[in-house]
Amino acid sequence: MILAFFEGRLVVSLVQETFDVIQLSFDRHSLSDPDSDSEPNQRLIEKNQESCCLTMKRHDTCASMSSKQHLADSKQKHVLISRNCIALVLQKIHTDAGKQEDGHSIFADFLQQNSMCFWNACLTRSVASLEYRGCLVPCTLLISGTEFALEVVRSAWARRVLRPPKGYAVGRLGDIGVLEMVPVAQTQFAPLSEALCKVVADLNGESIQASTSTIKVKLEENFPEMQVPCEEILYKTLGGIALLAN
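In terms of the UniProt record's numbering, the sequence shown opens at residue 1 and continues consecutively.
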């Protein structure tokens with residue numbers, strides 16, 4: 001708040017967070033005499049109050065629009081992974097020591113067991129269209145499909161006729177909402193020494209000789225924002241890395 005006298009009038013300036021300035025002008029004599037009921041002063045005060053209200057409404061509108069824009073931007077950052085998913089929570093009944101099982105094999109056996117339900121053609125067709133989305137340790141299958149196929153599976157589970165994979169029992173079945181993730185942005189900066197170590201390790205893993213030419217190509221592929229240094233800088237940096245390693 002800023003107070004100032006200008007030509008016999010007291011000017012009160014309120015500075016908002018958005019740097020908008022609301023100025024209210026009052027006659028010095030009306031402020032010193034609170035019982036003054038003069039009509040000009042009353043009109044002046046009402047006019048200033050209306051101006052203040054209009055400015056505050058404009059500020060609130062701008063703030064609301066900014067908030068909505070912020071929410072829209074935050075929603076755009078989410079990346080859809082999957083939708084229309086169900087979770088099939090399994091309980092292991094017995095363990096076969098000589099058999100290695102993973103999510104894919106358990107899911108395949110689940111499809112096979114329910115494809116033999118010849119008395120329920122709708123279920124056999126529906127399970128054939130299901131897709132494997134993943135497995136949560138220890139034994140939870142993530143399964144997706146059309147809404148119709150998933151509803152048929154839900155109905156079979158509700159009637160206790162859904163068959164589990166061999167060696168398992170179905171503990172629970174439920175819906176999973178939309179699977180989303182918030183991506184982590186990558187920086188455009190990377191230390192040259194660390195970038196070289198990563199590139200040389202990649203070349204060794206691919207059984208490619210780590211020469212200056214192959215290193216430059218890998219740097220361009222893995223670090224597109226980096227300006228590829230000259231050979232002299234590469235030699236010096238690699239030499240420093242070798243000294244630290246020893």
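Glycine included, every Cβ here is placed at the ideal spot set by N, Cα and C.
Under the rule that 16 or more other beta-carbon atoms within 10 Å means buried, what is residue i, buried or exposed?
i	result
residue 114	buried
residue 201	exposed
residue 137	exposed
residue 242	exposed
residue 184	exposed
Give me, in chain order, the residues of the same chain whose beta-carbon lies closer than 7 Å to that of residue i; leave out the 5 immediate sequence neighbours on both sides.
i	result
residue 257	Any question about residue 257 goes unanswered here, given that the chain covers just 1 to 246.
residue 149	126, 129, 130
residue 133	82, 85, 142, 143, 144
residue 208	214
According to the Cβ coordinates, are residue i and residue j closer than 8 Å?
i	j	result
residue 167	residue 93	yes
residue 123	residue 89	no
residue 102	residue 165	no
residue 106	residue 142	no
residue 237	residue 196	yes
residue 169	residue 112	no
residue 245	residue 223	no
residue 155	residue 84	no
residue 135	residue 163	no
residue 231	residue 212	yes
residue 87	residue 140	yes
Return helix, strand or coil for residue i, following the three-state DSSP convention.
i	result
residue 105	helix
residue 154	helix
residue 92	strand
residue 26	Here the model assigns residue 26 a pLDDT of 39, short of 50, so the residue's position is not dependable, and the following value carries that caveat. DSSP places residue 26 in strand when its eight states are reduced to three.
residue 85	strand
residue 122	helix
residue 225	coil
residue 242	helix
residue 218	helix
residue 209	coil
residue 236	helix
Is residue i near the ligand SAM, judged by its Cβ being under 7 Å from some heavy atom?
i	result
residue 205	In terms of ligand content, the structure shown is empty, and the ligand SAM therefore cannot be addressed.
Between which residues of its own chain and residue i is the CB-CB distance below 8 Å, once the five residues before and five after are set aside?
i	result
residue 193	237, 240, 241
Minimum length 4: unbroken alpha helix (DSSP H) runs contained in the stretch 129-206: 147-158, 192-205
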